[in-house]
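Visitor: Chains as they are written, first to last, in this note's numbering: chain A, 96 to 319; chain B, 96 to 319; chain C, 11 to 314; chain D, 11 to 314. Just so it is clear, CB atoms sit at the ideal spot from N, CA and C, and this is done for glycine as well. Only a predicted model underlies this, so the values are computations on that prediction, with no experimental measurement involved.
Below you can see the structure in the form of structure tokens.
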């Protein structure tokens, strides 16, 4: 999943990075095929080259040796809203048929079964990044037909990367379509984890296994 | 005029300072009766103690040894608009009966006889400082019944200090009234320089001559 | 001892003077420079019915909720950053363990609310929230039309706390405070407030501040009290001073899941100590584990 | 020689590539860090029909107006700061010596226009202009109603220059630029623009920038060209580098009053030189007269 996410990034992209898998994927891309990837963390660090896996979004390790630290108002206004971000990553507790994402509540808003953390910066990333990738593990509870709460709208999500497959959003129908499978995963196995009548692209690709240099670089990042 | 302007300032006031006479008056007050006067220059320096008479509003001499330098957006939003400025000084090419101030044009806006510099920060100082003092030399052309252009409205001006006298604005009528004369100046001499039927306060005071320590401090400032 | 000099007060006196029951309180710091020292003193003094404003409520909020200080939370992301959930918060919402009103935005929405408060504006416009459920959940998210283009933008109202507490690396005795590293919304939250408490790792001579005025983020003229509290942001980070006590952040998942363990924690480390120095005495070896490496930068020339 | 490395270009190439006839051009710097070097190159290359945006048009605008580059001025205070008038500007307005459209605000209005452009917003709200004649003189000053309080506020439209030119104390070859001292609206003007030229006193290694990232005001990702131009802000100031050449500011009053003297000045010091180094060769003794004293501050610790 990390390797697929990393491969989505092009050299020179300006990418808005969150903690966890996106941070790992971005640093993996930077260590391999995209040395000129510009990492911007929500906490305001620009051109960041962390020397450890950051503990949280405000980790001082993101600051030490970065090119610039902007106050948060500038992150949202001057970088995101002004249109300087090429790629944004979103996590998700739920993603539905139309790629709507929920990170707010499971159940009703007033009396939720599970209270999730909320939007954080997701709402503005979804509104302003030019290309939006969602990343989450494939799981029936995470892929309902309709999310309980639209934290970020599906309209601008272009691709959803999971640990089993990749979905692409079809602009015409607005639906997520299965576009690629990890080696050994079947269409039926994916359908069993998705809460709607999943359609596929005409040709469903197989995700190539990560090249050895990517795996070496990933191991190195994880041992930082 | 400088000494009178300086005497208007109270210890602990936060004062928004412009170049020229206001800067001199503020530094004079700080050197004498108001050591805790907080000087904020339009260029964003806060708690400033200039070591020379600044050449312009962005003079680096204002920065060296100041407490803080704020970007201009913060000067206008966080300091002025938020209401942190106690006293603002305004200069004027024209001031009229109702204390309206013109620093934009003499004549019509489209085809002016004299094109003046314009508002600069005067408009926002007049809108947001708690007490507003205008300072200009007394001269018939500078005191018409009605200004050619309202750069800043008279409504919030409390006092006008000239080289011959002091005017106070009467809240009820909105008119400038003569409140004090410099020694040796007569009411008629002032009336001759004012373009309307000037009224006076019931008692017109005489401005006390500057105390010797103020004059010594002023000489020292001028020789910096 | 510099307490009493200028605006320098003990945390006890600063909280007693400036944080009152029912107040709207902002304790900011974007996972960095979080004033746990102030939050603990607020808990010790038994404040009630506070509205807490914080982009990322974090452990500091979970503790204050568990201690019964908070009746309303204004926020944009409620979690244990990088380490789990805030279970006292979740129990309040999911099981209605105690009454807790919420007023929820995205980060940009919260930043915009502080920015409006700081700027003396009643609202702030932003391009956001189209097709999301947030405006339906929160009537405080409205819209405004651009008078030039006719575009419809989202609008959020100014947030003006009664008191904002910010942790800074250093301050002089008047509250002229310098912050570096992640800046978050420390400046906006401070300017938005009626009263400001600056908590600093170091209290320095005014000449240190004046030597590098572009580093100053909060001017003393808006500050009401200055508290000297080394390690006052522990277990969070302070750039140039100490790293996060990540063991504690990870441990919080289990502590906060269990109401009894949470109470025991508060009894021992918050209510059971008189002040920050007693808290620190209960955490031996912090310096050895967490003290920052020296990565001092060069200065710049302010001459003319 | 670092020209060609990264985004580093000669001033001639940067202006040729990024400043076109008819462009909206911002040359900012609040009496400090004004890129006279860029303005002179624009004059040399004979650009026409430019809209110049500047809070304080200053000598730099007077020279560009006299040289026939400017057809419109967007501004808030047009004078020779601390020293007199801009007579080429005044002749254009008072005597219609040449066509010059004006679009006039207060400083706050101009800052707000740049802020809106930088933020990707179509307008900016501000409390201002009540009972003044400015909105009557300028239909670009409108009003907007707060959706929460019903207050009526002034509104100004976003200003998005085609190109912004900022002078900085130092930059790396990618345009990551650090500025200290008076900041003016350098950041907002740069972010508001489609293209950005950074002109720097020093081109430094990226490691210098990375050693003190809170000092960076403009990130390279918005910068199109970097020009190395020591003394490039002369006769204005650059904190830590040189003082204002006040003799020249004072002399400008007489030079600009007299059309012939102004033309002679442009012929000799602007059109008569090939580049900035020739200009500087005509100003011997600058270092002796104007070089800044050393007031280098201490650094701070970025360790964790």
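Could you name the residues of the segment 176–193 of chain A whose beta carbon sits closer than 9 Å to any beta carbon of chain E, in the order they occur along the chain?
Guide: Among the chains of the structure shown, chain E does not appear; the protein chains present are A, B, C and D.
Visitor: If you draw a straight line from the C-alpha of residue 271(A) to the C-alpha of residue 284(A), how long is it?
Guide: If I take the Cα positions, the gap works out to 16 Å.
Visitor: Counting only C-beta atoms, is residue 96(A) closer than 8 Å to chain D at any point?
Guide: Taking Cβ atoms only, chain D never reaches closer than 8 Å to residue 96(A), which makes this a no.
Visitor: So residue 210(C) contacts chain B; which residues on that side make the cut at Cβ distance below 9 Å?
Guide: The contacting residues do not exist; residue 210(C) stays about 15 Å from chain B at best.
Visitor: How big is the Cα-Cα spacing for residue 19(C) and residue 236(C)?
Guide: Roughly 6 Å separates the two Cα atoms.
Visitor: Might you give, ordered along the chain, the residues of its own chain that have their beta carbon closer than 7 Å to the beta carbon of residue 300(B), omitting 5 neighbours on each side?
Guide: The residues are 274 and 275.
Visitor: Helix, strand or coil: which one does DSSP assign to residue 135(D)?
Guide: Strand at residue 135(D).
Visitor: To the nearest angstrom, report how far apart residue 192(A) and residue 181(A) are at their CA atoms.
Guide: If you take the alpha carbons of residue 192(A) and residue 181(A), they lie about 25 Å apart.
Visitor: Assign residue 289(D) to one of three DSSP states: helix, strand, or coil.
Guide: In the structure shown, residue 289(D) sits in a helix (DSSP, three-state: H, G or I).
Visitor: For residue 311(A), does the count of other Cβ atoms within 10 angstroms reach 16, so buried, or fall short, so exposed?
Guide: Looking at its Cβ environment, which holds fewer than 16 other Cβ atoms inside 10 Å, residue 311(A) is exposed.
Visitor: Give the C-beta separation of residue 198(C) and residue 170(C) to the nearest angstrom, bearing in mind that I take them to be a contact with Cβ-Cβ under 8 Å.
Guide: Contact doesn't hold; Cβ gap of about 11 Å is too wide.
Visitor: Is it the case that the Cβ atoms of residue 259(D) and residue 90(D) are separated by a distance below 8 Å?
Guide: Yes, the pair counts as a contact, with Cβ atoms nearer than the cut-off.
Visitor: Please compile the residues from chain A whose C-beta is within a distance smaller than 8 Å of the C-beta of residue 128(D).
Guide: Result: 172, 173 and 177.
Visitor: Along chain C, which residues have their Cβ under 7 Å away from the Cβ of residue 159(A)?
Guide: Near residue 159(A) (Cβ distances below 7 Å), the residues of chain C are 305.
Visitor: Suppose contacts are defined by Cβ-Cβ distances below 8 Å. Is residue 196(A) in contact with residue 228(A) by that definition?
Guide: No, the Cβ-Cβ distance between residue 196(A) and residue 228(A) is not below 8 Å.
Visitor: Quick one: any contact between the segment 195–209 of chain B and the segment 120–127 of chain B, if contact means 3 or more CB pairs under 8 Å?
Guide: Result no; under three Cβ-Cβ pairs closer than 8 Å.
Visitor: Note the first and the last residue of the continuous beta strand (DSSP E) segment covering residue 32(C).
Guide: Run containing residue 32(C): none; DSSP gives neither H nor E here.
Visitor: Enumerate, from N- to C-terminal direction, the unbroken beta strand (DSSP E) stretches of 3 or more residues contained entirely within the segment 96–145 of chain A.
Guide: Counting only runs of 3 or more, we get 109–112 and 133–136.
Visitor: Run the CB neighbour count on residue 298(B), radius 10 Å, all protein chains shown included, and call it buried at 16 or more, exposed below.
Guide: With fewer than 16 Cβ atoms within 10 Å of its Cβ, residue 298(B) is classed as exposed.
Visitor: The beta strand (DSSP E) with residue 111(C) in it runs from where to where?
Guide: Residues 111–114.
Visitor: Could you run through the segment 15–45 of chain C and flag, in chain order, every residue whose CB is less than 9 Å away from some CB of chain B?
Guide: Cβ contacts with chain B: none found.
Visitor: What would DSSP say about residue 208(A), mapped onto helix, strand or coil?
Guide: If DSSP states are grouped into helix, strand and coil, residue 208(A) belongs with the strands.
Visitor: Tell me the DSSP secondary structure of residue 240(C) in three-state form.
Guide: Correct three-state label for residue 240(C): coil.
Visitor: Just to make sure I have the definition right: I need the residues of chain C whose C-beta is within less than 8 Å of the C-beta of residue 224(A). Which are they?
Guide: Result: empty, since nearest Cβ-Cβ is about 13 Å, beyond 8 Å.
Visitor: DSSP three-state call for residue 13(D): helix, strand or coil?
Guide: Three-state result, residue 13(D): coil.
Visitor: Just reading off the beta strand (DSSP E) that residue 177(C) is part of, what are its end residues?
Guide: From DSSP, the beta strand (DSSP E) with residue 177(C) extends over 173–181.
Visitor: Are any of the Cβ atoms in chain C nearer than 8 Å to that of residue 261(B)?
Guide: It does not; no Cβ of chain C falls within 8 Å.
Visitor: Between the C-alpha atoms of residue 176(A) and residue 131(D), what's the straight-line distance to the nearest angstrom?
Guide: C-alpha separation (whole angstroms): 8 Å.
Visitor: Among residues of its own chain, excluding the 5 on either side of residue 114(B), which ones have a beta-carbon nearer than 7 Å to its beta-carbon?
Guide: Closer than 7 Å at Cβ, skipping near neighbours: 149, 151 and 152.
Visitor: Just list the residues that DSSP pairs residue 189(B) with in beta bridges.
Guide: Beta-bridge pairing links residue 189(B) to 197(B).
Visitor: Looking only at C-alpha atoms, which of 129(A), 248(A), 164(A) and 140(A) sits nearest to residue 185(A)?
Guide: Ranking 129(A), 248(A), 164(A) and 140(A) by Cα distance to residue 185(A) puts 248(A) first.
Visitor: What does residue 109(A) touch in chain D if you count any residue whose Cβ is under 8 Å from its own?
Guide: Under the 8 Å cutoff, chain D gives 231.
Visitor: Does any residue of chain D have a CB that is nearer than 8 Å to the CB of residue 349(A)?
Guide: Past the boundaries of the shown model lies residue 349(A); chain A is included only from 96 to 319, so the question cannot be answered.
Visitor: Who are residue 247(C)'s beta bridge partners in DSSP?
Guide: According to DSSP, which records beta bridges pairwise, residue 247(C) is partnered with 42(C).
Visitor: In chain D, what lies closer than 8 Å to residue 190(C) by C-beta?
Guide: Residues of chain D passing the Cβ test: 224, 310 and 312.
Visitor: Does residue 241(B) have its Cβ less than 8 Å from a Cβ in chain D?
Guide: Chain D contact via Cβ: absent.
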